[in-house]
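Input: a single structure, listed below in structure tokens.
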Amino acid sequence: MRVLFLAILMLLSSCGPKEAKVMARYVPERADDFVFENDLVCARIYGKALEGNPTSPGVDVWVKLPGKLVADEWYSHIGEDGQEGYYHHDHGGKDCYKVAVSLGGGASSPLVDGRLRYPATNYRSYEILENEPDKVVFVLHYPEWDADGIPVALDKKITVTPGTYFFKCEDTWTFSGAPGDTLLIAAGINRHSKLETIEEELTLPDRYAIWEKASDQHAEPEDGRIGVAVVMPGADCVRLSPKGTHGFCVKAVRSGEPLTYWFGNCWSKGEVKDATSWFDIVRNQ
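Quick note: the sequence shown uses our numbering, first residue 53, plus one each step.
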């Protein structure tokens, strides 16, 4: 009987809730951020409360050690005495990446006459379509803005799954009046050209990656390196912006037609120690 009882206990324990390996949520306690992560990587995108400081579609990279989710823990320290910059200090990872007004670590934007035409606002609303321990799918909505005479709106769908350094992104752009009924979309990376952080780059027909020094060290020094990449199957081209501020994949899309790409990052203090290892991961994505 005792053996049977123990067997039943083990069976019941195995039927308990699965440990979450992914998460994504709206963060009202920190200026309407939307944060998302898996067991390897973490990122956030800015919301309405931060518009003007900055108004930017950019993906903010949060580096971390592999194995656990960190965002809720880091955000929980907001407002504590002396802890305003908690996640800018190393607690098994940190925010040492500078987005500013840019694509950051993998956002996208219309490319009109060779220039990126960013949204006029940060994301304004969101939907969580699926929320399971091993998969989260959500959509961020950007209301219509004027992209150099072309009215454009964006629904950005992001899928988060464990065990990968990349997030899947499916953009749906709606617009009218574009020449030829198509619009060039660039998905890319801030090269931090003024800071001269880049040590190595990888440019292939459908992907672009960098290996760089930490671009935001205002809170404390950071000697780790950050790998960032975008992968866009079927891209029309991969190139740098005219002033070298960005590297991006470009593709022409029609209104309402989903554009799929992947964006990701890594930290040299985790399992990806050097540019060669990072670029191998990017090639195989």
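For each residue, glycine too, the CB sits at the ideal point set by N, CA and C.
For Arg-291, write down the residues that DSSP places opposite it in a beta bridge.
-> As a first step, residue 291 is located in the sequence shown; it is residue number 239 there, counting from the start. Paired residue(s): Phe-300.
Candidates Gly-110, Phe-219, Glu-253, Arg-335, of which the one nearest Thr-173 by Cα | Numbered from 1 along the sequence shown, position 121 holds the residue referred to as residue 173. Per the Cα distances, Gly-110.
Contact belief for Thr-297 with Ser-154 at Cβ below 8 Å, rounded distance in angstroms | Numbered from its first residue, the sequence shown carries residue 297 at position 245. Numbered from its first residue, the sequence shown carries residue 154 at position 102. Right, their Cβ atoms sit about 7 Å apart.
Beta strand (DSSP E) runs contained entirely in the stretch 129 to 205, provided each spans 3 or more residues = 157 to 164, 177 to 184, 187 to 199
Determine the direct distance from the alpha carbon of Val-113 to that of Leu-247, and round the result to whole angstroms.
-> Counting from one through the sequence shown, the residue named residue 247 turns up at place 195. Counting from one through the sequence shown, the residue named residue 113 turns up at place 61. Those two C-alpha atoms are separated by around 17 Å.
Would you check if the stretch 320 to 335 and the stretch 156 to 164 touch, i.e. whether three or more CB-CB distances between them fall below 8 Å?
-> No, they do not touch.
Starting from Ile-259, follow the beta strand (DSSP E) in both directions and report where the run begins and ends.
-> As a working mapping, residue 259 is identified with position 207 in the sequence shown. The sequence shown places Arg at residue 259, rather than the Ile named in the question. Element bounds for Arg-259: 259 to 265.
Buried or exposed: which applies to Lys-70, given that a residue is buried once 16 or more other Cβ atoms fall within 10 Å of its Cβ?
-> Position 18 of the sequence shown, counted from the first residue, corresponds to residue 70. Exposed.
Between Thr-107 and Glu-179, what straight-line distance do the alpha-carbon atoms span, to the nearest angstrom?
-> Sequence index remark: in the sequence shown, residue 107 carries index 55 (1-based). Sequence index remark: in the sequence shown, residue 179 carries index 127 (1-based). So the alpha carbons of these two residues sit roughly 21 Å apart.
Going along the chain, which unbroken runs of the beta strand (DSSP E) with 3 or more residues stay wholly within the stretch 204 to 261?
-> 218 to 227, 234 to 242, 250 to 256
Determine the direct distance from the alpha carbon of Lys-73 to that of Pro-118, and round the result to whole angstroms.
-> Taking the first residue of the sequence shown as position 1, residue 118 is located at position 66. Taking the first residue of the sequence shown as position 1, residue 73 is located at position 21. Spanning the two alpha carbons is a distance of roughly 11 Å.
Own chain, CB closer than 8 Å to Trp-330, minus 5 neighbours either side, in chain order | Stepping through the sequence shown from its first residue, residue 330 is reached at position 278. If we look at Trp-330 and ignore the five residues flanking it on each side, its Cβ neighbours are Ala-261, Trp-263, Gly-279, Ala-281, Cys-318, Val-324.
Just the C-alpha distance for Thr-316 and Ile-241, rounded to the nearest angstrom, thanks.
-> The residue labelled residue 316 in the question sits at position 264 within the sequence shown. The residue labelled residue 241 in the question sits at position 189 within the sequence shown. In the sequence as presented, Thr is not what sits at residue 316; that position holds Gly. Each residue's Cα considered, the two are about 10 Å apart.
Near Ala-83, what residues of its chain come up, given a Cβ to Cβ distance below 8 Å and the 5 sequence neighbours on each side ignored?
-> Locating residue 83 in the sequence shown gives position 31, where the first residue counts as 1. Closer than 8 Å at the Cβ level, and outside the excluded window around Ala-83, lie Tyr-98, Gly-99, Ala-101, Leu-102.
Is there contact here, the stretch 297 to 313 with the stretch 186 to 198, by at least three beta-carbon pairs under 8 Å?
-> Not touching, per the Cβ criterion.
Cβ neighbour criterion (16 or more within 10 Å) applied to Arg-277 | The residue labelled residue 277 in the question sits at position 225 within the sequence shown. It counts as buried.
Which partner residues of Asn-317 appear in the DSSP bridge assignment?
-> Residue mapping note: residue 317 aligns to position 265 of the sequence shown, counting from 1. Per DSSP, Val-280.
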